[in-house]
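Start counting at 1 in the sequence shown, then tack on 81, and there's your number in the numbering used here.
Don't be surprised by glycine CBs; every beta carbon is placed ideally from N, CA and C.
Only a predicted model underlies this, so the values are computations on that prediction, with no experimental measurement involved.
Below is one structure, written out as structure tokens; comments come after it.
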Amino acid sequence: LQPSPTTTVVAVLDTGVKLDHEDLVGALWTNPGEIPGNGIDDDGNGYVDDVHGYDFADGDGNPDDDDGHGTHCAGVIAATADNGVGVAGLASRHAS
């Protein structure tokens, strides 16, 4: 299999994702229309500070994982390959 240059965004609707997880930090989607931590809905989508998604259970822009299951699912999808840590996700990017 050869890596594809195509970018695909996958949403994981689960318990959240550990935003600082070493295998996922490089794969997290970042909302280009949001300014982190300013308490304003900069992009006008109705969600304040939704930089890496939104936590609908807690009603805030911090989708950090409360349980671990969402991080596990995100890792199966996008964990960085060839970095000597954990696993490689099915749609991973290779470590540089």
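Burial state of residue i, where buried means 16 or more other Cβ atoms lie within 10 Å
{"i": "leucine 94", "result": "exposed"}
{"i": "alanine 169", "result": "buried"}
{"i": "aspartate 104", "result": "buried"}
{"i": "glycine 134", "result": "buried"}
Between the CA atoms of residue j and residue i - distance to the nearest angstrom
{"i": "glycine 118", "j": "aspartate 131", "result": "9 Å"}
{"i": "isoleucine 116", "j": "isoleucine 158", "result": "27 Å"}
{"i": "isoleucine 121", "j": "glycine 114", "result": "11 Å"}
{"i": "phenylalanine 137", "j": "tryptophan 110", "result": "17 Å"}
{"i": "valine 91", "j": "asparagine 126", "result": "19 Å"}
{"i": "aspartate 139", "j": "histidine 153", "result": "20 Å"}
Proximity below 8 Å, CB of residue i to CB of residue j
{"i": "aspartate 145", "j": "lysine 99", "result": "yes"}
{"i": "phenylalanine 97", "j": "arginine 174", "result": "Strictly speaking, residue 97 in this sequence is glycine, with phenylalanine absent from that position. For glycine 97 and arginine 174, no; Cβs fall outside 8 Å."}
{"i": "glycine 142", "j": "tyrosine 128", "result": "yes"}
{"i": "glycine 151", "j": "alanine 160", "result": "no"}
Integer-rounded CB distance, given that residue j should sit under 8 Å from residue i
{"i": "threonine 25", "j": "alanine 172", "result": "The structure shown has nothing for residue 25, since the chain only spans 82 to 177."}
{"i": "asparagine 164", "j": "alanine 176", "result": "4 Å"}
{"i": "aspartate 101", "j": "asparagine 112", "result": "Rounded, the Cβ-Cβ distance is 17 Å, inconsistent with contact."}
Q. Whole alpha helix (DSSP H) runs in the region 118 to 175 with 4 or more residues, listed along the chain?
A. If you keep only unbroken alpha helix (DSSP H) runs of at least 4 residues inside the region 118 to 175, you get 150 to 159.
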